[in-house]
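Worksheet for the structure shown next.
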Amino acid sequence: MKGWGAMGIITEDMRKIVDSARLAFVATVCEDGSPNLSPKGSLRVYDDDHLVFMNMASPTTVANLRRDPRLEVNVIDFLLRRGYRFKGNAELRGEGDPVYAWSRQWVLDTHGPGYPCHEAVLIEVERALPVDSPAYTFGHWSEDDLKRAWSDTYGLTHAPS
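Position one of the sequence shown corresponds to residue 2 (this note's numbering), numbered consecutively onward.
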């Protein structure tokens, strides 16, 4: 348990990006040492030090994590062109576990009962690093300018907030 006043790794901005991105990419290590990259639409912030996603259709990701719990999660808001890389270790949580129940409820509320919920993957975040487009550094773009430009590129009439 954290001491009084201790802050976790996951900041409010990281929460905002995870919520707005709505899609994350999880990298795991295959048995032969090669990378496996898999998109996840159910990634959520669980608390100040943990992310979670539901294994709905991730047999390779889960098999890799059973053997080697290390992973990296990449979450980018595609309109803002910025996000985060989260490194950590995963634990698989099944029925009867509060993490599973919390994640399953989100799947039910968001997608309905038609999606399978095999197990929740709880990620203890050990390190989080920002990922920013070079447009911020070299092009001197503002977040609002990038959001507007990429909304136009994708033909969005009302950019999501």
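Think of the CB as a built atom: it goes at the ideal place given N, C-alpha and C, for glycine as much as any other residue.
For clarity, every value in this text was computed on a predicted model and none was experimentally measured.
Quick one: grab the DSSP three-state call for residue i.
| i | result |
| --- | --- |
| threonine 111 | helix |
| alanine 58 | coil |
| tyrosine 137 | helix |
| aspartate 14 | helix |
| aspartate 158 | The amino acid occupying residue 158 in the given sequence is threonine; aspartate does not appear at that position. Coil at threonine 158, not helix or strand. |
| methionine 2 | With a pLDDT of 39 at methionine 2, under the threshold of 50, the modelled position of that residue is not reliable, and no figure is offered here. |
| proline 117 | coil |
| glutamate 73 | strand |
| leucine 24 | coil |
| aspartate 98 | coil |
| leucine 123 | strand |
Please report how far the alpha carbon of residue i lies from the alpha carbon of residue j, in whole angstroms.
| i | j | result |
| --- | --- | --- |
| valine 74 | threonine 158 | 30 Å |
| alanine 129 | valine 76 | 11 Å |
| tryptophan 151 | glutamate 144 | 11 Å |
| glutamine 106 | proline 99 | 10 Å |
| leucine 52 | proline 135 | 27 Å |
| threonine 62 | aspartate 146 | 36 Å |
| alanine 160 | leucine 81 | In this predicted model, alanine 160 has a pLDDT of only 49, less than 50, meaning its place in the structure is not dependable; the value taken from the coordinates is given anyway. In a straight line, the C-alpha of alanine 160 is about 10 Å away from that of leucine 81. |
| arginine 149 | aspartate 78 | 13 Å |
| arginine 16 | glycine 84 | 10 Å |
| aspartate 153 | arginine 86 | 26 Å |
| alanine 102 | leucine 44 | 14 Å |
| valine 27 | serine 59 | 10 Å |
| proline 131 | aspartate 14 | 10 Å |
Leaving out five residues on either side along the sequence, give the residues of the same chain with a beta carbon under 7 Å from the beta carbon of residue i.
| i | result |
| --- | --- |
| glycine 4 | Caution is warranted here: a pLDDT of 43 is assigned to glycine 4, below 50, making its placement in the model unreliable, and the coordinate value is therefore given only provisionally. For glycine 4, where only same-chain residues beyond five positions count, there are no Cβ hits under 7 Å. |
| asparagine 65 | Thr29, Val30, Cys31 and Asn37 |
| glycine 6 | With a pLDDT of only 49 at glycine 6, under 50, the local geometry of the prediction cannot be trusted, and no value is derived from it. |
Residue i and residue j look like a contact to me (Cβ under 8 Å); what is the Cβ gap, rounded to whole Å?
| i | j | result |
| --- | --- | --- |
| asparagine 90 | proline 70 | 4 Å |
| isoleucine 124 | leucine 72 | 7 Å |
Could you pull out every residue in the same chain whose Cβ sits closer than 6 Å to the Cβ of residue i, ignoring the five residues on either side in sequence?
| i | result |
| --- | --- |
| tyrosine 47 | Val53 |
| tyrosine 42 | Per the sequence shown, the amino acid found at residue 42 is glycine instead of tyrosine. Cβ within range, chain order: Leu24. |
Which residues in the same chain have their Cβ closer than 8 Å to the Cβ of residue i, if we skip the five residues on either side of it in sequence?
| i | result |
| --- | --- |
| methionine 8 | Asp49 |
Counting pairs of beta carbons, one from the stretch 117-134 and one from the stretch 90-100, are three or more of them closer than 8 Å? yes
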